[in-house]
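In the working numbering, the protein residues as written are 5 to 125.
In this text, a Cβ means the ideal position worked out from N, Cα and C, and glycines have one as well.
Taking it in order: structure first as structure tokens, then the write-up.
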Amino acid sequence: MSVGRSHKPRFDGDTPPNGPVAEIDRTLQALESYAMVHFFEEERLMARCGYIKMKEHAQEHQDFTAQVGKVRKIFRTNPLICGPKILTYLSSWLIRHVKDSDSAAGAAILSSIKKDGNLAS
Ligand SMILES: [Fe+2]
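The structure is reproduced here in structure tokens:
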């Protein structure tokens with residue numbers, strides 16, 4: 005094995021070693037899990053109020069979840085190159101999605117609650 009190759013952070017199994025790469029991997033895994041729960045709840049509320057753009061919104065959620073999964077796999081094999089790209093993707097997606105899609109859905113949900121009452125029942 006060459007010296008350069010031996011310094012390349014890489015892990016091949018499902019369980020990464022300890023260290024900053026492993027910590028980022030666990031954080032991405034936690035983000036993926038949290039996003040799935042959060043998206044499920046958002047979609048439940050949108051469905052209950054009959055939000056007309058729910059299908060498009062849910063597709064954004066699915067695309068994000070799939071992308072995080074792909075990025076996590078890439079990160080595991082090449083964390084030094086991939087790390088900054090992940091941060092840029094995640095931050096820009098979250099800002100855009102919350103600012104545009106979630107704001108519109110939230111307004112529709114609130115409007116539905118004002119019109120029809122509590123959605124939680
Ligand atoms: Fe959303």
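With burial defined as no fewer than 16 other Cβ atoms inside 10 Å of the residue's Cβ, what is the status of residue i: buried or exposed?
i           : result
residue 83  : buried
residue 108 : exposed
residue 91  : exposed
residue 29  : buried
residue 112 : buried
Could you tell me if the beta carbon of residue i falls within a distance shorter than 7 Å of some heavy atom in ligand 1?
i          : result
residue 39 : no
So, using beta-carbon positions, are residue i and residue j closer together than 8 Å?
i          : j          : result
residue 39 : residue 75 : no
residue 97 : residue 79 : no
- Query: Per the contact definition of three or more C-beta pairs closer than 8 Å, is the segment 48-58 in contact with the segment 100-117?
  - Reply: Yes, the segment 100-117 is in contact with the segment 48-58.
- Say whether the segment 30-46 touches the segment 59-69, bearing in mind that this needs 3 or more beta-carbon pairs closer than 8 Å, one atom from each stretch. By the Cβ rule, the segment 30-46 counts as touching the segment 59-69, because three or more pairs are nearer than 8 Å.
- Message: Give me the pocket residues for ligand 1, defined as CB within less than 6 Å of any heavy atom, sorted by chain position.
- Response: Listed along the chain, these residues meet the criterion: 46, 61, 65, 101, 105, 106.
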